[in-house]
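Residue 1 is where the sequence shown starts when you use full-length UniProt numbering, and the numbers rise one by one after that.
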Amino acid sequence: MTRHQHERQHDHHHGEEHGHGEEHGGGQARDLDQLDDHAYWNGRYASAQGGHIWSGSANEVLARQTADLSPGSALDLGCGEGGDAIHLARLGWRVTAVDVSDVALGRAADHAAEAGVADRIEWQRHDLAETFPTGVFDLVSTHFLHFRDGTLSPRVLRAAAAAVAPGGTLLIEAHGGLPPWQDEISDIHFPTPEETVASLELAPGAWEILLAERHPRQQTHPHTGETVTRTDQTVKARRRAG
Ligand SMILES: C[S@@+](CC[C@H](N)C(=O)[O-])C[C@H]1O[C@@H](n2cnc3c(N)ncnc32)[C@H](O)[C@@H]1O
């Protein structure tokens with residue numbers, strides 16, 4: 001399996017509108033394998049049909065799991081075109097939003113300006129395999145930040161946990177398995193929610209695990225247009241205040 005094939009499994013989440021997983025032909029896959037994450041993701045965003053990959057809306061889990069939180073500072077890791085960051089900013093959060101792709105970040109900044117929340121969001125480009133934003137935040141959120149080899153980087157997730165302020169919340173949303181149209185690819189291990197929690201190596205007694213669960217999500221099959229059910233996973237934890 002090429003890295004490109006591997007990556008395509010992550011094309012399909014919150015209400016995306018096109019079959020953007022098809023935007024690169026098979027002949028290009030070998031070339032894509034040679035790119036670093038920055039070039040790869042920039043290429044994907046730049047070639048998106050209709051000028052965007054994702055729906056522009058916030059992830060449903062993000063909206064639901066943060067609805068009861070008081071707005072403060074938030075960090076969105078792998079923010080893409082900014083749907084989650086803009087949602088939080090509209091609710092009064094001050095958001096630092098990070099992605100490896102400056103094409104995505106530029107697009108996200110445009111959307112934030114259109115939404116009237118540009119002054120509440122700071123966009124930062126990081127390859128999170130290399131560098132991580134400074135500071136601590138009341139909410140650290142990451143949705144579908146699977147690296148190109150399919151992994152959720154435990155090192156990045158631990159850095160995410162370390163960036164949560166006392167009393168703050170960590171929210172990790174990820175795929176829990178392959179989509180039905182790719183179930184022939186069998187050598188990918190999707191960590192269970194329990195494995196994700198364990199990989200965080202949280203200090204005993206310092207955190208409360210609020211949620212660690214798999215859940216179904218309806219999605220439109222990119223080839224047939226049928227509604228299919230996928231499995232995602234949510235981990236939500238609160239760092240104790242004292
Ligand atoms: C599947 S998309 C999800 C985007 C957004 N969180 C959402 O749910 O719409 C994964 C995002 O992670 C970003 N990404 C992938 N590898 C990265 C890395 N090494 N460092 C920072 N961002 C990365 C990609 O550019 C892409 O925007």
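For every residue, glycine included, the Cβ atom is placed at its ideal position computed from N, Cα and C.
- [ ] State whether the segment 163-175 contacts the segment 134-141, with contact taken as three or more CB pairs (one from each stretch) at a distance under 8 Å.
- [x] yes
Open item on the list: I need the DSSP call for residue 141, collapsed to helix, strand or coil.
Closed with: strand
Open item on the list: How far does the alpha helix (DSSP H) with residue 154 in it extend, from its first residue to its last?
Closed with: 154-162
- [ ] Given a cut-off of 8 Å, decide if residue 73 and residue 132 are closer than it, judged by their beta-carbon atoms.
- [x] no
Open item on the list: If I follow the unbroken alpha helix (DSSP H) through residue 193, where does it start and stop?
Closed with: 193-199
- [ ] Work out the CA separation of residue 112 and residue 30 for me, nearest whole Å.
- [x] Confidence in residue 30 is poor, its pLDDT being 38 and thus under 50, which makes the residue's placement too unreliable to answer from.
Open item on the list: I'd like the list of long-range same chain contacts for residue 37, defined as Cβ closer than 8 Å, with 5 residues on each side in sequence excluded.
Closed with: 100, 127, 129, 147 and 148
- [ ] Quick one: grab the DSSP three-state call for residue 83.
- [x] helix
Task: Residues near residue 236 by beta carbon distance below 6 Å, same chain, minus five either side - done: 65, 171, 210 and 211
Open item on the list: I want to check one thing, is the minimum distance from the CB of residue 56 to the heavy atoms of ligand 1 below 7 Å?
Closed with: no
- [ ] Examine ligand 1 and report whether any of its heavy atoms sits within less than 7 Å of the Cβ of residue 39.
- [x] no
- [ ] State the Cα-Cα distance for the pair residue 203 and residue 166, rounded to the nearest angstrom.
- [x] 13 Å
TODO: Sort 234, 239 and 155 by Cα distance to residue 63 and report the nearest one.
DONE: 234
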